[in-house]
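Beneath this line is the structure, given in structure tokens, with notes to follow.
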Amino acid sequence: MESIKDRVAIVGMGCTKFGENWDKSAEDMLVDAAYEAFEDASIEPKDIQAAWFGTTRMGTAEPLATALKLDYIPVTRVENLCATATEAVRNACFGIASGAYDIVLAIGVEKLKDQGMGGLGTVTGAGGNGTLEWGMSAAMFFARMATRYMNHYGLNYDEFKQILAKISVKNHYNGSLNPRAHFQREITEEQAINAPIICWPLGLYDACGVSDGSAAAILCRADMAKNFRDDYVLIKGLGLAVGARQGYLQSGYDMVHMEETVRASQQAYNMAGIREPFKEIDLAEVHDCFSITELVTMEDLGFCPRGKAPEYVEAGTFALDGELAVNPDGGLKSFGHPIGASGLRMIYEIYKQMQGKAGPRQRKNPTLGLTHNFGLNPGSGIGSVTILGPRD
Amino acid sequence: MAGIVSYGAYVPLRRLGPGTEGWNLPGEKAVANWDEDSLTMAVAAAIDCLGDIDRSTVDGLYFASTTPPYMEKLAATTTGWAADLRTDILTTDCTDSLRSGTTALRLAVDTVNAGSAKRLLVTSADLRMATPRGGLDNNLGDGAAALLLGDTDVIATIEDSYSVSNEILDMWRVSGSKYIRSWEDRFVYEEGYLKILPEAVTRFLEKCGIKVKDINKAVFYAPDLRRHRQMGNLLGFKPEQIQESFLDRMGNTGSAFSLMLLVAALEDAAPGDRILLASYGDGADVYLLQATDKITAIKGRRGMKHNLSSKMLMRSYDEYLAYREFAASDPEKPGGASASVIHRERDAIYALHGVKCRICGTLQYPPQRVCTGCQAKDNFEPVRFSDKKGKVFTYTLKYSGDIPAFARPIVDTMVDFEGGGRAIFGMTDMIADKVKAGMDVEMSFRTLGTGGGIRNYSWRCMPPRDSWLPEEMG
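Protein chains in written order, with the working numbering: chain A, 152 to 543; chain B, 703 to 1176.
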């Protein structure tokens, strides 16, 4: 098995404003994100040799080719739930690392707001058979982990809700500094704690919103990258782990961690040569679909010991000016979660931070950056971790 | 000779009674939760009845009710599947009469006596409705009984029986209507109940050569407390000979009523006791039973005592009406279950079968092809989880706006079973605020509603029913 560390570079990126883009179709957003990336890389659309197209709602590869009027090049539609956009990048990396292509497009889009969608992962009806007649929702899945976390570590509801609130407050603050975010207003801990309960113990402000958006990356062979720009960004590590319902089938599974994130990060750290993630990584864009997800992810990624994430959160370790900035762009909390676009939106922030172009959110000389997605639910998920770094 | 081998009962947890807003009658009556129907109650009674009896010894199941879930399609097959009986058994539904419970009993006795079956389970359940606040609904209660008939190990022999058929429109429900109707009271009782039942009992006792004083306990149907007292007097029984009717504690449970009272009589019976059972509806069925020495050996049944004593008072009559309206809501609404999925997964869905890996021993639900523990392929034995106890490992309370107010929040749980195995279940018959990680639960067969014309059944977890018992009984 060969590592692809430092073999693939990102030389251009684009990202639309995320939000209720009533005036934009999925195709409009694809064009906006792709052309920003083309311009950023100083290339023409015809320079693209192949494309990977991430979306969960559009069934085929054709809408991307049609939107961009690609000239009979290979387009592959990829889907891996919340890791969909990252999967477009990962597979694009393989296309380049294999030598098959020199320069490719990875792009993701989701147009959720045309579907009357009120909340994430809502499945109505019991189907063939289900446990609940009013459907399942993502909030339920992550609330199970939240309840378990409280019980496992002996936290009472009030102290636990305050920790979760600090995560939401931090991400909304970061989002307030980001013109591309869906929600750009700060919130208070009191607002977060007192918000209506969606799935106990999770309330409205523990959850991310539903948005439209698209993001794109131009990837090329690392040895060609300097032809496009000096401040290109390198792929250092990739990891993907898919659960097999271990958490549902095995009574020993503790439900206070997401094994898929642990395994995916191990793959990515090994590839990138990272031994001490907390010390070596400067900023991370993680999957904060719910506040509890970010809390547990801090432990799963090895940023802190098991059970210690609340202390780290309390200490402000993961704030924009903390030791390891987590969700510096505002996260899913501020951007919402257009499923097929989120992974590339995260990479977009790391890319801009590496180039010193993150405006008021800019970290000082960032070294390694990490992006993380978690699809499906605790107990059986899809964990995806990508490590990015500046050129040597 | 055929006799009763075991008994079981089910009375839903909820009661309308003093303290229920909008309910102004002195007594209590038992009412089904919104996720219950006659079939789910029959399953609960059947499982109570079967206890630790080897379920593969049961050769048949009769389901009796005036309110079966389907007009075309047996409830007995679903009940049998949920009770995890064999499939090479005799199943049928006995419907359309208040007497259907005791008629099913007669059919079962004859089946066993004819040698067609060694053991046969009779279940009877009803969830009848009348126009809300129309008077006729005052006494209606919900519940179920189950009796296992057999020719060995009997706790009570069935000495003799007698039936009469009577053509009369006294109480009825026309096809397509959800509410029962009746003719005027004086006709109904004077030409019907108060005339037919005493005649049948008198003729039966003459036929058996038995006097009223020889009966230790008289179990008989009555639509309400007043008529129950009246019938006792008409038949000439002393108060101590008469089985309590529970009409002021659970109401009139229709076709299940007489059999539920019989279960109560059997709970208190001593060896040698003679029990008279008389039920009414389109005629009458009368039985003479005698308890054997084995009557005292039967243990661990929830029966009528625990079922009646473990209860939850409903907040309001309107909430009760919302349950019933929801249960009867448009069966054509979308979001229904898939008949082919239910069929394919019926062991998992109805019998709550999981699997145990023959290699590493890991218990898993639902059944898997490849083991989650050791990845061995297709090397499992089935395991029934429905009678296992468990603990809530984690849970959430879901408050979304599409959930009707009476059911909000719904409780979603991850349950770890005693002895291994884990699964996700909705929780029923709980108080949401009192749900805790680590709490004990047991399983209960319920409906998930009706959609696409299909009644969707599934197991839920719930706090142990006995946890509702008053302290002195618990």
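Glycine included, C-beta positions come from ideal geometry on N, C-alpha and C. Since this is a predicted model, take the numbers as computed values, not measurements.
What ranges does the alpha helix (DSSP H) occupy inside the stretch 188-255 of chain A, keeping only unbroken runs of at least 4 residues that lie completely in it?
213-219 and 235-248
Return helix, strand or coil for Val477 (chain A), following the three-state DSSP convention.
strand
Supposed close pair Ala744 (chain B), Ala810 (chain B) - CB separation, criterion 8 Å:
With 8 Å as the limit, Ala744 (chain B) and Ala810 (chain B) do not qualify as a contact, their Cβ atoms being about 14 Å apart.
Closest to Ser799 (chain B) by CA distance: which of B:Ala746, B:Ala958, B:Trp725 and B:Thr859 is it?
B:Ala958
Check whether the Cβ of Ala999 (chain B) lies closer than 7 Å to any Cβ atom in chain A.
no
Give me, in chain order, the residues of the same chain whose beta-carbon lies closer than 8 Å to that of Thr518 (chain A); leave out the 5 immediate sequence neighbours on both sides.
Glu431, Ile432, Asp433, Gly540 and Pro541
Taking Cβ positions, are Arg228 (chain A) and Thr211 (chain A) nearer each other than 7 Å?
yes
If you measure between the beta carbons of Asp844 (chain B) and Pro714 (chain B), is that distance less than 7 Å?
yes
Compare the C-beta of Met1132 (chain B) against all C-beta atoms of chain C and say whether one is closer than 7 Å.
Structure shown: chain C not included; protein chains present are A and B.
Under a Cβ-count criterion, where at least 16 other Cβ atoms within 10 Å of its own Cβ denotes burial, should Tyr356 (chain A) be classed as buried or exposed?
buried
Where Cys166 (chain A) falls: helix, strand or coil (DSSP):
strand
Have a look at Gln266 (chain A) and Gly170 (chain A) and give me their C-alpha separation to the nearest angstrom.
14 Å
Distance CB(Tyr502 (chain A))-CB(Met164 (chain A)) smaller than 7 Å
yes
Do Lys1093 (chain B) and Gly1140 (chain B) have their beta-carbon atoms positioned less than 7 Å apart in this structure?
yes
Per-residue DSSP class, three states only, for Trp1170 (chain B)
helix
Which residues mark the beginning and the end of the alpha helix (DSSP H) in which His930 (chain B) is found?
Leu927 to Leu937
Residues in its own chain within less than 7 Å of Val1072 (chain B) by CB, not counting five upstream and five downstream?
Lys1079
Would you report the Cα separation of Ser767 (chain B) and Ala748 (chain B), rounded to the nearest angstrom?
14 Å
Does the distance from the CB of Ala967 (chain B) to the CB of Asn815 (chain B) come in under 7 Å?
no
Between the C-alpha atoms of Gly817 (chain B) and Thr805 (chain B), what's the straight-line distance to the nearest angstrom?
18 Å
DSSP has Gly1066 (chain B) in a bridge; who is on the other side?
This sequence places Gln at residue 1066 (chain B); Gly is not what is there. According to DSSP, which records beta bridges pairwise, Gln1066 (chain B) is partnered with B:Val1057.
Could you work out which residues of chain B lie near Ile348 (chain A), taking near to mean beta carbons separated by less than 7 Å?
Tyr1101
Go ahead and pull the three-state DSSP assignment for Ser531 (chain A).
strand
Please report the residue range of the beta strand (DSSP E) in which Ser1160 (chain B) lies.
Ile1156 to Met1164
For Lys1079 (chain B), write down the residues that DSSP places opposite it in a beta bridge.
B:Val1072
Interface residues of chain B facing Ser402 (chain A) [CB-CB closer than 7 Å]
Asp1118, Gly1122, Gly1123 and Arg1124
Could you have a look at Thr781 (chain B) and say whether DSSP puts it in helix, strand or coil?
helix
Going along the stretch 974-994 of chain B in order, which residues come within less than 8 Å of chain A, judged by CB to CB distance?
none
With DSSP as the reference, label Ala316 (chain A) as helix, strand or coil.
helix
Flag this pair as yes or no: are the beta carbons of Arg830 (chain B) and Leu842 (chain B) separated by less than 7 Å?
yes
Per DSSP, which residues does Met1129 (chain B) bridge with? Please list them.
B:Val1113 and B:Cys1163
So which residues of chain A does Asp786 (chain B) contact, with C-beta pairs closer than 8 Å?
The contacting residues do not exist; Asp786 (chain B) stays about 17 Å from chain A at best.
Short CB-CB distance (under 7 Å) between Asp739 (chain B) and chain A
no
Taking the alpha-carbon of Trp874 (chain B) as reference, which of B:Arg1017, B:Glu886, B:Val866 and B:Tyr864 has the nearest alpha-carbon?
B:Glu886
Alpha carbon to alpha carbon, what distance is there between Ile490 (chain A) and Asp451 (chain A)?
22 Å
Could you tell me whether the Cβ of Met375 (chain A) comes closer than 7 Å to any Cβ of chain B?
no
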